[in-house]
Structures are given as C-alpha cells and as structure tokens.
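Enquirer: Please see the structure below; I have some questions.
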Amino acid sequence: QGVPVGPGRGSAAGSLVSYALQITDVDPLQYDLLFERFLNPERISMPDIDIDFCMRRRGEVIDYVRQTYGDKNVAQIITFGTMAAKAVLKDVGRALDMPYGDVDKIAKLVPNQLNIELEDALKQSPQLDSMRKSDERVKEMIEVGSRLEGLVRHASTHAAGVVISPRPLTEIVPLYKSNKDEITTQYDMNALERIGLLKMDFLGLTTLTVLDDAVRLIRQNRGVEVDLPSLPLDDSATYAIFSRGDTTGIFQFESHGMRDILKRYQPTRLEDLTALNALYRPGPIQGGMIDDFIARKHGKKKVAYDLPELEAILSETWGVILYQEQVMQIANRLAGFSLGDADLLRRAMGKKKPEEMAAQREKFLNGCHAHKVPAKKAEKIFDLMAEFAGYGFNKSHSCAYALLAYQTAWLKTHYPVEFVAAMLTSETGNTEKVVKYIHEARSMGITVLPPDVNSSDMNFTPVGDSIRFGLAAIKNVGENTVRGILQARESLGRFTSFFIFCESVDTRLLNKRVLESLVRAGALDGLGANRAQMTAAIDRAMERAQKLQRARESGQHGLFGGGGSAAATAPPPDVLPDVAEWPEHELLAAEYSTLGFFISGHPLDKYAGPLRDLNAVELSSLEGRRNGEEIVVAGIIVQARPMRSRRGARWSILTLQDRTGVIEALVFPEAFQKLEPILKAATPLLVKGRVAVEDVGTRVVVADARLVDDAAAKMANRSPSLLRVRVSLNSVDSGVIDRLQDLFSSRPGRCRVAFDLIKDDGLEATLESSSAVRADQELVQRVREICGADSVEVVQ
Numbered sequence: 162q163g164v165p166v167g168p169g170r171g172s173a174a175g176s177l178v179s180y181a182l183q184i185t186d187v188d189p190l191q192y193d194l195l196f197e198r199f200l201n202p203e204r205i206s207m208p209d210i211d212i213d214f215c216m217r218r219r220g221e222v223i224d225y226v227r228q229t230y231g232d233k234n235v236a237q238i239i240t241f242g243t244m245a246a247k248a249v250l251k252d253v254g255r256a257l258d259m260p261y262g263d264v265d266k267i268a269k270l271v272p273n274q275l276n277i278e279l280e281d282a283l284k285q286s287p288q289l290d291s292m293r294k295s296d297e298r299v300k301e302m303i304e305v306g307s308r309l310e311g312l313v314r315h316a317s318t319h320a321a322g323v324v325i326s327p328r329p330l331t332e333i334v335p336l337y338k339s340n341k342d343e344i345t346t347q348y349d350m351n352a353l354e355r356i357g358l359l360k361m362d363f364l365g366l367t368t369l370t371v372l373d374d375a376v377r378l379i380r381q382n383r384g385v386e387v388d389l390p391s392l393p394l395d396d397s398a399t400y401a402i403f404s405r406g407d408t409t410g411i412f413q414f415e416s417h418g419m420r421d422i423l424k425r426y427q428p429t430r431l432e433d434l435t436a437l438n439a440l441y442r443p444g445p446i447q448g449g450m451i452d453d454f455i456a457r458k459h460g461k462k463k464v465a466y467d468l469p470e471l472e473a474i475l476s477e478t479w480g481v482i483l484y485q486e487q488v489m490q491i492a493n494r495l496a497g498f499s500l501g502d503a504d505l506l507r508r509a510m511g512k513k514k515p516e517e518m519a520a521q522r523e524k525f526l527n528g529c530h531a532h533k534v535p536a537k538k539a540e541k542i543f544d545l546m547a548e549f550a551g552y553g554f555n556k557s558h559s560c561a562y563a564l565l566a567y568q569t570a571w572l573k574t575h576y577p578v579e580f581v582a583a584m585l586t587s588e589t590g591n592t593e594k595v596v597k598y599i600h601e602a603r604s605m606g607i608t609v610l611p612p613d614v615n616s617s618d619m620n621f622t623p624v625g626d627s628i629r630f631g632l633a634a635i636k637n638v639g640e641n642t643v644r645g646i647l648q649a650r651e652s653l654g655r656f657t658s659f660f661i662f663c664e665s666v667d668t669r670l671l672n673k674r675v676l677e678s679l680v681r682a683g684a685l686d687g688l689g690a691n692r693a694q695m696t697a698a699i700d701r702a703m704e705r706a707q708k709l710q711r712a713r714e715s716g717q718h719g720l721f722g723g724g725g726s727a728a729a730t731a732p733p734p735d736v737l738p739d740v741a742e743w744p745e746h747e748l749l750a751a752e753y754s755t756l757g758f759f760i761s762g763h764p765l766d767k768y769a770g771p772l773r774d775l776n777a778v779e780l781s782s783l784e785g786r787r788n789g790e791e792i793v794v795a796g797i798i799v800q801a802r803p804m805r806s807r808r809g810a811r812w813s814i815l816t817l818q819d820r821t822g823v824i825e826a827l828v829f830p831e832a833f834q835k836l837e838p839i840l841k842a843a844t845p846l847l848v849k850g851r852v853a854v855e856d857v858g859t860r861v862v863v864a865d866a867r868l869v870d871d872a873a874a875k876m877a878n879r880s881p882s883l884l885r886v887r888v889s890l891n892s893v894d895s896g897v898i899d900r901l902q903d904l905f906s907s908r909p910g911r912c913r914v915a916f917d918l919i920k921d922d923g924l925e926a927t928l929e930s931s932s933a934v935r936a937d938q939e940l941v942q943r944v945r946e947i948c949g950a951d952s953v954e955v956v957q
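In structure tokens form, the structure reads like this:
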C-alpha cells in the first residue's frame, strides 16, 4: 500500500528471520546483533515486534487490522498516568490553595532525575528539606504528597499499543470507552501479557513521513530516484554534518547536548552513531560515561581489557560495556552461558533483585572456573557487568535508529532543499518548530518564499534552490479551499488579477474570511495590486464572483451583455480602489496573524546591529543554557496571556519570537507591576532575565525589560571605548584592508580599534590601530558588510 515503515526498533531488529522477511532492514550479522535478546527458549512472555509507521498513515494500518481480524477482536490499550514527585506536589499545592508561584518554586527544587521519589528528593535537595522544616505549609504539602505519590491520576490511551485477540475481546477482558470514544482495554499492557493476549506496538514516527516526503520531492523537483535502503553507509560528507554538530532536523541527534557530544566525538561510521544513541541517556550522562568514552576514542585514556577474550566483544566501544548484548556475549564466552541463559542474566542485572543476582553470580563464577578464568578476574568482571547493566542499552534498537538518523542526515547533505521542505511540512501548525526550521533554511542559504496562489502547492514545495510556502499553512485556508485554488489554476494556467482569482475559484470554498487571510498572508501579492487595495475590494469582488457563479449554474451565459460564448460569461473588468499600501509594521503583523510567524521580514531586522552590541542572544540558543543562567534576549511579543495568582496578584506569560525561535517568558507579579505599560502585543522587547529549564521546556523568568527602540537609541548615544574587528587571515586580501582604511580615516573619533587576526585553528594575534574612530551604528554596519556579520564587537 506504499505505507512507509521503519527499518526496525527494539530487540526485533536483532532477529535474522525478521531481516530475511524484510520486516527489519538492519543486517544483524553485519552489526553483531543477537536474536536471543528478542527470542530464546527461556523467554516466558510472548515476543512482539514493535513497528514504526509513517505518522500520516498509521491510522490506515490500525483500520486494516480491524478489518482483517474483526472490530470485536481488536482494541487499543489503556495506560495509567501516576502522580510522580513533581506532579504530585503541584496537584497537592493546588488542592491546598497555595499560590501558583510558590508551588512552582517548590516543585522545581525536586532534582531532574528519572523516576525520583519525594524521599530521595529531600535527601538530594537540601533547600527543599530546609523549606519542609521551616514552613508548615510546605511540610503539609510534602506529607500529603508522600501519601499520594505513585497513585493513579488518570487513564488514557497507550500511544502505540494494539491488542489482537482470536475471539471477541469482551469474552476475555473488560473494555473502556475514553472521552474521545476510543475503545480500549481496562487492563494495561502488563496485565494483558499475563493473561496471554498479544500486544502489538504500532508507533507513528514523523521521521518516516519526512523521509517519504523528501524522496517524493526529489523525484518531482530533480527527476532523481533515491532508494533509502540502498544508500552507501560510508559517505564522508554525511558524517561531516554529525561531526560539525549541524544536526537540526536530524532524527535523535537534534538536541543541544547531543550536538556538543558529536563535535567532541567526531563520528565516522554507523557504529559510532549507534554508540552515541545508546550513550545519550540520563544514566550514562550522570555516570560520566560519555566523557570517558570520548577520551578513550581519542587515545587520551588507555583502553585495557581484563582478559584477551573481552577485546573481540568490547573493542567496538573502546573497552566500555555499553550494550545489553555485550553483557550476554561476555557471559556466553567466559562462563559458557547459552545466549538464552545470558539474556536471563542480563534481565536480572537490570532489575537488581538481590536474590536473583546472588544466584546468577554463583552460576557465572562456576562457569568461569570451568573455562579456566581466574576467580578474582571473574568476580571483577561480574561486578563490572552488574554496574554497566543498569546503563546498558539494547544495541538492536540503537542500531536501527542510527540508520534512520544517517538517512535523514544523508538527505540533508545531498538534497537540503527537499529535506527542509519535508521538515517544514511535517511541522505545519507547530509555530516554534516552523520558525526554527525556517531559520535553519536561511542559515543553509535556502530562501523560504512567501505563499503565492500562482506558485504554491498544498504544502511546502521546493522551487529550484528555494522553498515555496504551502497554501494549507495559512490560517483559515482549509485543504478543500487549496484544492479548489489548484484546480482553478490548472484550468486557467495562471491567475492574472485579483478579480479573476475570485471569479475562478468556487465561491463555496472562497468566502470573505478565507480571502482576507490570503491577502494578509501575501499569497495574492503577484496579482498586480497591493494588499490594502485588495482588502478594500474584497466585498465587491465576492459579490461579483457569487453573481457570476449563480449565472453559470443557471445557464444564463449572456447575463453580462455578451453573446452565448463562455468568454461572455465574465463581467467587464473592474478597477481596484486607489489606496496606499499598509506600512511595513502592519504588513508584518498581518503576515504573523495568518502564518504564525514573519516570512518576508522581521520587525527586529532593523535592530540587528544594536542587539549584537547589547549582547542579546538568539532565542534558538536557549535550549542548551543552564538553569538559572542570567541572559539578555530580544523578541516581538506575539501573545500576552494575563494570569492571576491565588492571592489575586496579576502576572503574565509572554510569547516572544525572533528570527530563530519562540519562547515563553514569565513576568511574575513584582516585575509585572513595574513593566505592565510595555507588555503589549507586537511590541519589540529587550528582556533581561534568567533561564528556567522546566518540564514544559526552557522558559525565561523576566527580571527587567525595555523597548528595543529605547535600548537601541541609548546604545547609539553612548560612546564606546573599543571596537574589536575580527579579520580572517585565510580570506583577507588587500582590497579588504584598503576599504577598512578608507572607512576609518573618513570617521575620526575617540574610539580605539583593535584587530583580532584569526586563522582556522584559532586566534593568531591582536593588533591595535594607531587611529581612533567615531564608532556609531553606521560605521559598525559598514565594517560588518566588509568583514562579515559576526566580525565586530563594541566594547563600552
């Protein structure tokens, strides 16, 4: 049916039979994957194969299963949300009528550790423990929270689980109807497994949709057929993207922390990506494994093996036990365990049950003794396995997902326009991601063109080396309307005027609201009129179009005074009113209201120079900042949500946007009281605050703010003491020097000039000029034009 399916996930990717049947796409022999991790005689539970499907078409697969096995025999699976440490404090705080700000501060004192309990949180967070002892409210909150912790809070539908039964499910298990009318089992997946039902995971994976769209766009745009399963896995240009940390949009490798690791590690093969996939998890990160791993890779730490037999198993991971499969192989080689028995050992180590571990330890040591392994070394190796088994990751899963990451990176390297277009389409409706990927496109030299009824398709589409905005991404313009526009365009060839456009598209699809949105988004800019003129003419244009459509439908071909020909059906040409175009800020605001972001420009563009000098950081860079770090950011207020604390104090959540991203800024009551007059929508704001890393994402807590206009004017009036100019020795020529000399001699002043001379491998030297200059914004901008956007630093 052409539904994109993943290369495999979970332990099933280690199954040779699954690979032979083309259920999975990773050769387990090539990458040393073990099928016993998936299926062995000692396994009591039913083996199941988790499968990733294209997000867009996953529903078709579930419908197919229902049709094939019968509606009564198929259901989705229930899942229960429990009250974890942070969540239970927030719920209890709300029930005790405590102010939101206080509850939020207390919850944030719980360390960001997976599955942490309140008891451990109090031990690890002295501040939280101190508040419990000194504040009766906090003490009550924690006491009540401790009693409720771990209880079920709500029921929902499992993201992927589907159960298929040989007979109607009502004969075997109770069912539950969700508030979305989904039929799920009342037992969770563990209980279903225990009563013998087969659970299957049908997961929706957006990456598969992106890959499929990109391949289709390459075929359409370039006439090239890309076969992803046949890609060469040794492409140096693709690995260069990983080594640079240039991984925006790359599956599993997009986070700030992962980029930092990639730049330090410098991967060159699929096994490297597999290892990094397995390492980038809370356990190995907190245990310092990543630094150790990178040091071994680059020869800064010696790789040693306690026994020669371990080298064949651990050389791929620089002597570190990283994968669950390696634990199994060690038990197999040193102690003679069957791989089935070795999987039981691996599970026992993962669960850390003392009685199980003691039995497995004795069995392992006896096996090692029989294989002539010295007792002390056997004990040391068992302890090492037990330590790393808690961190151990399923290599089969990591390898399959590394392959997906490689495929996305290969497309980004060789067909960046099509890849980014597919990424943008997949995130339509998610403003934060679309802004991020448009910024990524621009940084790659790809122009994102505004929507245009004569060029755009339904979704983001490559046009040569640019990307054209899709019409379906415009608010209030539904898919049916877009189909109607594309159908009319196909008949006409091209829309040549505003009135012809209105009269060509079915008026049942093109109402006033839709037309206003198309105008405001700039999609009709190519029709020979400005947006103000078209907006003023909308009522007249709609009236004419509706009259014409009624005439066509009633067969009154001569209504407008012609003969009986089709051409005579059209009314005489009309003239648009003579209205001046909206000012730039209004044009951009209209774009934002219909697209969710600014496409043809950004209100902050004109402040680029001053914002650099004010050390404002880009919003896209906040993800990697540490919690509590003080920063300065600038953005347009695109939304201001008024809030009230439990005590009635007013505060606000602002949504700020710059060219690179979107964040939420929290203005708590004290700051809000001072800043309220400037917290208005569409205001360019310079914000000083601190980073707040929260469960919902990274936000900024505002300490102070001012209008960008005021900050820029103040900056322009201050006399800087030093102008630092970065000059690349690899690209500088006499022309650059001459232009700088002419510029500086024409602007004498009191500001000193220093040149940082840079080579590829870092700073070479700093030279100070004998002449001083007047370092106003115009001069700074001129220097940036000569030496590059990031070449100037103004030191006050």
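Residues in the sequence shown are numbered consecutively from 162, following this note's numbering. Ideal Cβ positions, reconstructed from N, Cα and C, are used throughout, including at glycine. Bear in mind the structure is a predicted one, so any value in this text is a computation, not a measurement.
Is the beta carbon of Ala-826 sitting closer than 9 Å to the one on Ala-583?
Expert: No. Outside cutoff.
Enquirer: Kindly provide the ranges of any alpha helix (DSSP H) runs that are 4 or more residues long and lie completely inside the stretch 863–890, ordered along the chain.
Expert: If we require 4 residues or more, the alpha helix (DSSP H) runs fully inside the stretch 863–890 come out as 869–878.
Enquirer: Drop a sphere of 10 angstroms on the beta-carbon of Asn-351, count the other beta-carbons inside from all chains shown, and report buried for 16 or more, exposed for fewer.
Expert: Exposed.
Enquirer: Which class does Glu-588 belong to by DSSP, given the choice of helix, strand or coil?
Expert: If DSSP states are grouped into helix, strand and coil, Glu-588 belongs with coil.
Enquirer: Provide the residue span of the beta strand (DSSP E) that contains Arg-713, from first to last.
Expert: Here Arg-713 belongs to no beta strand (DSSP E); instead the alpha helix (DSSP H) covers 692–715.
Enquirer: When the distance is taken between beta carbons, is Phe-498 closer than 9 Å to Gly-365?
Expert: The answer is no: Cβ separation not under 9 Å.
Enquirer: Can you tell me where the alpha helix (DSSP H) with Gly-639 in it begins and where it stops?
Expert: That residue, Gly-639, is in no alpha helix (DSSP H); it is neither H nor E in DSSP.
Enquirer: Any contact between the stretch 543–557 and the stretch 518–535? By contact I mean 3 or more CB pairs, one from each, below 8 Å.
Expert: Cβ pair count under 8 Å is three or more, so yes.
Enquirer: By a C-beta neighbour count over all protein chains shown, 10 Å radius and 16 as the cutoff for buried, is Asp-686 buried or exposed?
Expert: Buried, by the Cβ-count rule.
Enquirer: Does the stretch 599–611 come close enough to the stretch 641–648 that 3 or more CB-CB pairs lie under 8 Å?
Expert: Not touching, per the Cβ criterion.
Enquirer: Would you please state the rounded distance, in angstroms, between the beta carbons of Leu-257 and Glu-301? I believe it to be under 8 Å.
Expert: Between Glu-301 and Leu-257 the Cβ distance is about 7 Å, and since that is below 8 Å, they are a contact.
Enquirer: Quick check on the burial criterion: 16 or more other C-beta atoms within 10 angstroms. Buried or exposed for Lys-294?
Expert: Classification for Lys-294: exposed.
Enquirer: Using only the alpha-carbon positions, how far apart do Lys-514 and Leu-505 sit?
Expert: When rounded, the distance between both Cα atoms is 12 Å.
Enquirer: Does the stretch 477–494 come close enough to the stretch 552–566 that 3 or more CB-CB pairs lie under 8 Å?
Expert: As far as the Cβ criterion goes, the stretch 552–566 touches the stretch 477–494, which means the pair count is three or higher.
Enquirer: Given a threshold of 16 other Cβ atoms within 10 Å of its Cβ, counted over all protein chains shown, does Val-264 qualify as buried or as exposed?
Expert: Burial call: buried.
Enquirer: Which residues in the same chain have their Cβ closer than 6 Å to the Cβ of Gly-406, if we skip the five residues on either side of it in sequence?
Expert: Counting only Cβ-Cβ distances below 6 Å, and skipping sequence neighbours, we find Arg-420, Leu-423 and Lys-424.
Enquirer: Could you round the C-beta distance between Leu-817 and Gly-796 to whole angstroms and report it? I think they count as a contact, below 8 Å.
Expert: Indeed they touch by this definition, with Cβ atoms about 3 Å apart.
Enquirer: Give the single residue among Val-869, Ala-873, Arg-867 and Val-848 whose Cα lies nearest to the Cα of Val-861.
Expert: It is Val-848.
Enquirer: Using a 10 Å radius around the Cβ and a threshold of 16 neighbouring Cβ atoms, would you call His-763 buried or exposed?
Expert: It is buried - the Cβ of His-763 has at least 16 other Cβ atoms within 10 Å.
Enquirer: Kindly confirm or deny that the stretch 597–608 and the stretch 439–447 touch, where touching means at least three C-beta pairs closer than 8 Å.
Expert: With the cut-off at 8 Å, the stretch 597–608 and the stretch 439–447 do not touch.
Enquirer: Considering Cα atoms alone, identify which of Ala-810, Ala-843 and Ile-824 is closest to Gln-834.
Expert: Comparing Cα-Cα distances from Gln-834 to each of Ala-810, Ala-843 and Ile-824, the minimum goes to Ala-810.
Enquirer: Straight-line CA distance for Ala-248 to Ala-915?
Expert: Taking the straight line joining both Cα atoms gives about 53 Å.
Enquirer: Buried or exposed: where does Ser-906 fall if 16 or more other Cβ atoms within 10 Å of its Cβ makes it buried?
Expert: The residue is exposed, with fewer than 16 neighbouring Cβ atoms inside 10 Å.
Enquirer: Let me know if Glu-704 comes out buried or exposed under the rule of 16 or more other beta-carbons within 10 Å of its beta-carbon.
Expert: Under this definition Glu-704 is an exposed residue.
Enquirer: Between the alpha carbons of Gly-322 and Glu-415, how many angstroms are there, rounded?
Expert: Near 27 Å, if we compare the C-alpha coordinates of Glu-415 and Gly-322.
Enquirer: Give me the residue from Tyr-426, Met-361 and Arg-887 with the minimum Cα distance to Ile-451.
Expert: Residue Tyr-426 is the option with its Cα nearest to Ile-451.
Enquirer: Please report the straight-line C-alpha distance between Asp-232 and Lys-338, rounded to a whole angstrom.
Expert: Asp-232 and Lys-338: Cα-Cα distance of roughly 14 Å.
Enquirer: What residue range does the alpha helix (DSSP H) around Trp-571 cover?
Expert: Run containing Trp-571: 556–575, per the alpha helix (DSSP H) assignment.
Enquirer: What span of residues does the beta strand (DSSP E) with Val-740 cover, start to end?
Expert: Counting along the chain, Val-740 falls outside any beta strand (DSSP E), and DSSP gives it neither H nor E.
Enquirer: Which value, in whole angstroms, describes the spacing of the CA atoms of Gly-722 and Gln-710?
Expert: Legend: pLDDT at Gly-722 = 42, less than 50; position of this residue unreliable, value from coordinates given subsequently. Rounded to whole angstroms, Gly-722 to Gln-710 spans 16 Å at the Cα level.
Enquirer: Using CA atoms only, rank isn't needed, just tell me which of Asp-894, Gly-850 and Thr-370 is closest to Ser-587.
Expert: Comparing Cα-Cα distances from Ser-587 to each of Asp-894, Gly-850 and Thr-370, the minimum goes to Thr-370.
Enquirer: In the DSSP assignment, find the alpha helix (DSSP H) that holds Pro-909 and state where it starts and stops.
Expert: Here Pro-909 belongs to no alpha helix (DSSP H); instead the beta strand (DSSP E) covers 909–920.
Enquirer: Taking only the alpha-carbon atoms, compute the straight-line gap between Phe-656 and Ser-616 and give it to the nearest angstrom.
Expert: Their backbone Cα atoms lie some 10 Å apart in a straight line.
Enquirer: Can you tell me whether Ala-926 is buried or exposed, with buried defined as 16 or more other CB within 10 angstroms of its CB?
Expert: Classification for Ala-926: exposed.
Enquirer: Considering only the alpha carbon of each residue, which of Tyr-567, Arg-692, Pro-393 and Ala-566 lies closest to Glu-747?
Expert: If we check each option's Cα against that of Glu-747, Arg-692 comes out closest.
Enquirer: Could you tell me how far apart the beta carbons of Val-852 and Asn-776 are, in whole angstroms, since I believe they sit closer than 8 Å?
Expert: Rounded, the Cβ-Cβ distance is 15 Å, inconsistent with contact.
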